[in-house]
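A.B. asks:
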Ligand code: ADP
Ligand code: MG
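In my numbering, the protein residues as written are 15 to 239.
1. In the DSSP assignment, the beta strand (DSSP E) including residue 242 goes from what residue to what residue?
2. Count Cβ pairs between the stretch 153-171 and the stretch 39-56 that sit closer than 8 angstroms; are there 3 or more?
3. Given a cut-off of 7 angstroms, decide if residue 117 and residue 152 are closer than it, judged by their beta-carbon atoms.
4. Three-state secondary structure (DSSP) at residue 224?
5. Can you tell me whether residue 156 sits near the ligand ADP, meaning its C-beta is under 6 angstroms from at least one heavy atom of the ligand?
6. In angstroms with no decimal places, state the Cα-to-Cα distance between residue 109 and residue 32.
7. Can you give me the Cβ contacts of residue 296 inside the same chain, cut-off strictly under 6 angstroms, excluding the 5 residues immediately before and after it?
8. Using only CA atoms, which one of 160, 150 and 62 lies nearest to residue 101?
9. By DSSP, does residue 194 sit in helix, in strand, or in coil?
10. Starting from residue 164, trace the beta strand (DSSP E) in both directions and tell me its first and last residue.
11. In whole angstroms, what separates the C-alpha of residue 177 from that of residue 228?
12. Output the distance between the C-alpha atoms of residue 199 and residue 166, rounded to the nearest integer angstrom.
13. Closest by CA to residue 65, which one among 54, 39 and 125?
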């Protein structure tokens with residue numbers, strides 16, 4: 015398995031720039047979207063054009079939202095949080111997406127009480143990113159397994175899929191800003207994920223075999239009261 019150690023300096027410089035740009039773009043975008051809605055409401059015209067414009071707006075918004083996660087203050091309030099609760103919420107959040115593809119998300123939890131000192135929303139974002147990727151990589155009718163363990167002062171969260179896998183030459187590139195193999199991907203999910211986990215003193219490992227599946231393994235320091 016490959017440990018993904020990222021040069022935090024490089025990454026946070028890119029992150030800060032990206033977040034700054036995202037911030038600047040958001041206001042004019044909101045204004046444009048408002049006027050588009052007004053025009054659509056008032057004048058007819060080709061519905062098809064409005065639909066294209068709206069879907070392009072949504073795409074820009076999606077990119078900006080992911081970039082803006084990086085602009086949150088570096089030192090976020092970290093509080094002892096139940097990792098199992100966070101995961102339960104995340105799975106519930108993504109259940110509709112899984113159901114559409116008839117994918118089952120199975121949880122295997124052997125650390126019911128495990129606590130981690132963390133910024134709740136950020137760790138939730140990490141779980142969302144990993145499970146979303148797993149759903150997107152998995153064929154209809156497939157299965158995703160989420161494992162939570164607490165071993166040696168560490169909480170381990172694994173997201174295991176039996177999806178398309180990541181070819182070796184692409185494995186090196188995941189987490190690079192804007193690296194995506196998807197038509198509608200942003201290529202920002204894993205970059206944000208690595209950044210957040212590093213910020214929490216944890217590590218991310220990935221095991222992937224093309225055509226067989228992928229496992230993302232997150233380790234975070236266990237909080238002991
Ligand atoms: P996005 O999902 O927007 O493409 P990510 O940063 O989340 O961006 O992922 C980057 C790329 O890593 C994806 O486009 C995909 O090629 C690959 N990837 C990530 N997770 C998985 C997975 N579970 N299975 C297969 N490929 C994956
Ligand atoms: Mg993604």
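Note that CB positions come from ideal geometry on N, CA and C, so glycine has one too.
C.D. replies: Result, derived from the coordinates:
1. Beyond the ends of the chain as shown, which are 15 and 239, falls residue 242; an answer cannot be given.
2. no
3. yes
4. coil
5. no
6. 30 angstroms
7. Nothing about residue 296 can be read from this structure; the chain reaches only from 15 to 239.
8. 160
9. coil
10. 157-165
11. 7 angstroms
12. 36 angstroms
13. 54
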